[in-house]
Structures are given as structure tokens and as C-alpha cells.
Ligand SMILES: Cc1cc2nc3c(=O)[nH]c(=O)nc-3n(C[C@H](O)[C@H](O)[C@H](O)COP(=O)(O)OP(=O)(O)OC[C@H]3O[C@@H](n4cnc5c(N)ncnc54)[C@H](O)[C@@H]3O)c2cc1C
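In the numbering used here, the protein residues as written are 85 to 468.
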């Protein structure tokens with residue numbers, strides 16, 4: 085009978101109740117349960133409380149970057165911004181800075197500082213060569229003036245040579261502070277976003293992988309690991325995995341590896357730190373040091389969907405940890421992990437219709453904590 089056949093095709097081996105409650109056609113189906121998928125769902129639901137909004141996430145937990153990151157609430161270090169200004173028009177650089185600044189404000193409003201342990205400890209750029217430090221220091225006043233037009237704050241960046249010793253670093257030739265940078269607990273942030281979405285009535289289906297997205301004109305059909313799902317509109321929020329589902333040549337996966345130490349008695353550093361134009365980053369958390377990066381020592385190897393750690397990068401991280409960051413402590417490494425980011429030659433997100441009923445909200449780069457919720461808000465505006 086055609087009717088039974090259709091049901092069988094839609095969702096494999098689920099009861100009538102399960103199909104009706106969990107797999108009924110959605111008004112908005114969101115693929116990916118990271119920060120972008122969750123905030124898109126939250127803002128769509130706030131806009132249309134009665135709409136049926138469903139997130140389909142292939143991991144048991146979100147499994148890309150949103151629960152793997154370093155939790156820096158940052159909008160740019162001097163070295164990074166000067167580098168961007170040398171490659172891109174000033175207006176593009178300022179647009180991205182504004183997106184990051186406004187995105188952080190929106191994230192703090194949506195999650196609440198207490199719910200994600202937001203700490204305004206400030207950020208620091210660490211220089212291991214005098215030449216790089218002098219280049220950045222020379223650009224400080226111009227950059228501060230430029231930034232004031234975007235964030236309305238004076239003297240965001242300041243040279244902080246006298247803090248090098250108090251942080252306990254070795255071989256560091258310069259330090260520049262960003263007074264308005266913060267840090268947060270990534271796990272708490274994501275747990276709050278999940279509960280906020282669920283509280284608004286968003287259904288989150290974990291453990292379902294989407295294999296194909298087909299816009300048939302009147303609706304969108306997802307081929308998934310449990311059968312077909314239908315949505316009137318679909319948002320692809322799979323970031324670094326975007327090209328597995330969409331014909332998007334401009335988003336590449338970029339793996340980022342991390343380690344965290346055992347607790348360190350009398351840990352001297354506090355804040356979020358950037359080194360080597362942001363390719364390395366470290367911070368204090370729960371009396372430990374979390375350190376990540378090093379992708380620039382193996383760009384080819386790190387352009388991958390594989391969420392594994394490698395000796396090349398982990399060795400580079402350890403060298404930096406023991407020689408420069410914690411020469412006085414030498415703690416053991418407690419854990420290591422990797423996440424996948426979405427990057428491209430343009431340093432800005434893609435938030436656009438890719439067909440009549442499908443939106444792509446991808447390519448967050450290394451800035452998704454900062455810009456993710458703003459992108460979610462833009463998705464909701466597109467769906468208005
Ligand atoms: C180690 C590391 C450190 C970082 N540090 C920072 C930082 O300090 N500050 C900052 O601003 N940014 C940081 N980032 C970047 C930031 O984490 C990301 O930009 C952001 O989390 C991206 O969010 P997203 O929702 O777009 O993507 P993701 O969080 O990657 O979410 C995409 C989701 O889609 C799911 N998915 C993919 N394909 C499918 C499919 N076919 N079917 C179903 N589900 C699918 C994935 O499982 C994943 O959960 C870091 C990233 C990493 C990896």
C-alpha cells in the first residue's frame with residue numbers, strides 16, 4: 085500500500101507515536117547542534133513561538149567545534165588585525181570586528197554571564213621576538229583609534245611589559261593587553277544554550293546523521309541515517325563539514341588541537357593569551373592551563389574532517405608549554421582533544437539562501453564563540 089510504503093521510507097522502524105511526535109515534518113529543520121544551530125533555533129522560536137523547530141545533530145553531543153573550543157571571548161589581537169589590514173580592505177576588517185564585538189554582547193545577553201562563568205580577565209598577545217612586538221607596538225595608537233569607531237572604547241590595547249615576569253613566562257619579548265577580552269566555560273555555555281532552546285520548545289534529535297539535502301520546491305527532504313525527514317525550510321549549520329552536504333567550495337575543514345594540564349599549584353597566569361598571530365592560544369581554567377593551536381606547523385595535515393590528535397601538533401604544543409608558558413611548573417598533560425573549524429580565504433561567515441528553502445550558516449573560522457549567536461540571529465531574520 086502506498087501510504088505504508090511512504091511511512092517506511094520516512095523513518096525506519098519507529099512507532100506511530102515516535103513518528104508523530106519526533107519525526108513529523110518541521111517548519112524549520114536545522115542540521116547541526118553547535119552554537120550556530122542552537123542560536124538559530126532560539127531566535128526563530130522567539131520570533132515564531134508556535135513554529136515546529138527541530139535540530140538534527142549527528143553526535144551524542146554537538147561534535148564539531150562548539151564543545152571543543154578554548155572559550156575565548158575575543159574580538160582580535162593586534163598582530164591578527166594588522167595582518168588582516170595588510171590583506172583586506174579596512175571596511176571588511178572593521179565589519180568583522182563589529183560582528184565579533186556585537187556577537188559577544190548578544191551571547192552574553194542570551195546565555196547570561198553567570199551561566200557560562202564569563203570572566204573579564206582581559207586578553208594578552210605574547211611575542212617571542214622583539215621585531216614582531218615592535219611592529220605591533222608601533223601600530224597601537226592607530227589601531228586603538230580605529231577600534232574606537234567600532235566598539236566605542238578608548239585605549240583597548242596597551243603595552244604591558246611589566247606583566248611578563250609576573251606571569252612566569254620565559255623567552256617572551258613583549259606583551260600587549262586587550263582590556264576588553266574575556267573568557268568563559270564552553271561546556272556551561274553550550275549546556276545553557278541547549279536548555280534555553282529546549283525550554284522554548286525546540287526538539288533536538290541527537291545521533292542522526294544527514295546524508296543529503298534535497299530542495300524539491302514545495303519542501304526540503306533530508307536523507308538521514310534513520311530515513312527521510314521533511315522541513316518547510318532547512319538551515320545547514322554544519323560549519324567545517326559544510327561541503328559534505330552542500331556544493332560549497334569556499335569552506336574547508338580546519339582541525340584545531342588542544343591540551344589541558346593537571347592543576348598547577350600557584351599558577352601565575354590569568355587571562356586569555358594569543359601567540360604567533362593567534363595560531364597558538366592559552367588560558368587559565370580551574371587552576372590548569374589549556375593550550376591549543378599549532379595548525380600552522382602542518383596546514384595540509386590539519387585540513388581534515390578527522391577529529392583526532394597528532395604527534396606533530398601535540399609535540400609543538402608541549403614544547404611551547406614547557407619552554408615558554410610554564411617553565412617553572414612542568415605539569416603533566418591531563419587531556420588532549422581536537423575539534424573541526426570551518427575556514428576559507430575570506431574571513432567572514434556565509435549566511436545566505438543557497439536555494440529557495442535552504443539557508444547555509446557556516447564558515448565561523450576561529451571566531452564562532454564570538455560571532456555564532458549573531459549568525460543565529462541573522463538566520464532568524466532571513467526566515468522572518
Ligand atoms: C580547539 C578549538 C578552539 C577554538 N577556540 C575558540 C575560541 O576560543 N573563541 C572563538 O570564538 N572560537 C573558537 N573556536 C571556533 C568555534 O568553536 C567555532 O567557530 C564554533 O564553535 C562553530 O560553531 P558552529 O555551530 O558553526 O559549528 P560546530 O560547533 O562545528 O557545529 C556543527 C555541528 O554540525 C554537526 N554535523 C556536521 N555534519 C552533520 C551531518 N551531516 N548531520 C548531522 N549533524 C552534522 C556536527 O556534529 C556539529 O555538532 C575554536 C574551535 C576549536 C576547534
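Note that the Cβ used here is the ideal one computed from N, Cα and C, for glycine as well.
Helix or strand or just coil, what does DSSP make of residue i?
i, result
"residue 99", "coil"
"residue 265", "coil"
"residue 232", "helix"
"residue 402", "helix"
"residue 395", "helix"
"residue 358", "strand"
"residue 312", "strand"
"residue 130", "helix"
"residue 243", "strand"
"residue 388", "coil"
"residue 104", "helix"
"residue 454", "helix"
"residue 90", "Note that residue 90 scores a pLDDT of 47, beneath 50, so its modelled location is shaky; the value from the coordinates is reported in the next line. DSSP places residue 90 in helix when its eight states are reduced to three."
"residue 114", "strand"
"residue 85", "Residue placement at residue 85 is flagged as unreliable, the pLDDT there being 40, under the threshold of 50; a coordinate-derived value is accordingly withheld."
"residue 459", "helix"
"residue 320", "strand"
"residue 144", "coil"
"residue 348", "coil"
"residue 122", "helix"
"residue 381", "helix"
"residue 250", "helix"
Note the first and the last residue of the continuous beta strand (DSSP E) segment covering residue i.
i, result
"residue 425", "417 to 427"
"residue 290", "287 to 290"
"residue 467", "It is not in any beta strand (DSSP E) - residue 467 carries neither H nor E in the DSSP assignment."
"residue 366", "364 to 369"
"residue 67", "Because the chain spans 85 through 468 in this model, residue 67 falls outside it and cannot be assessed."
"residue 139", "137 to 141"
"residue 377", "372 to 377"
"residue 297", "294 to 299"
"residue 345", "336 to 345"
With a threshold of 7 Å (Cβ to nearest heavy atom), would residue i be considered close to ligand 1?
i, result
"residue 438", "no"
"residue 142", "yes"
"residue 118", "yes"
"residue 448", "yes"
"residue 290", "no"
"residue 146", "yes"
"residue 425", "yes"
"residue 155", "yes"
"residue 245", "no"
"residue 321", "yes"
"residue 451", "yes"
"residue 152", "yes"
"residue 428", "no"
"residue 362", "no"
"residue 286", "no"
"residue 325", "yes"
"residue 311", "no"
"residue 294", "yes"
"residue 342", "yes"
"residue 220", "no"
"residue 183", "no"
"residue 149", "yes"
"residue 207", "no"
"residue 231", "no"
"residue 248", "no"
"residue 329", "yes"
"residue 121", "yes"
From what residue to what residue does the alpha helix (DSSP H) around residue i run?
i, result
"residue 276", "270 to 283"
Counting only beta-carbon separations shorter than 8 Å, does residue i have a partner in chain D?
i, result
"residue 300", "The structure shown contains no chain D; it is built from a single protein chain."
Could you check whether the Cβ of residue i sits closer than 7 Å to any heavy atom belonging to ligand 3?
i, result
"residue 456", "Although ligand 3 was asked about, the structure shown includes only ligand 1 as ligands."
Give me whichever residues DSSP pairs with residue i in a beta bridge.
i, result
"residue 256", "BP columns for residue 256 are empty, so no partner."
"residue 327", "None, per the DSSP bridge assignment."
"residue 307", "296, 312"
Within the stretch 149 to 226, ranges of the beta strand (DSSP E) (whole runs, at least 3 residues):
207 to 211
With a floor of 3 residues, list each beta strand (DSSP E) that falls wholly inside the stretch 425 to 451, ordered by position along the chain.
434 to 437, 442 to 446
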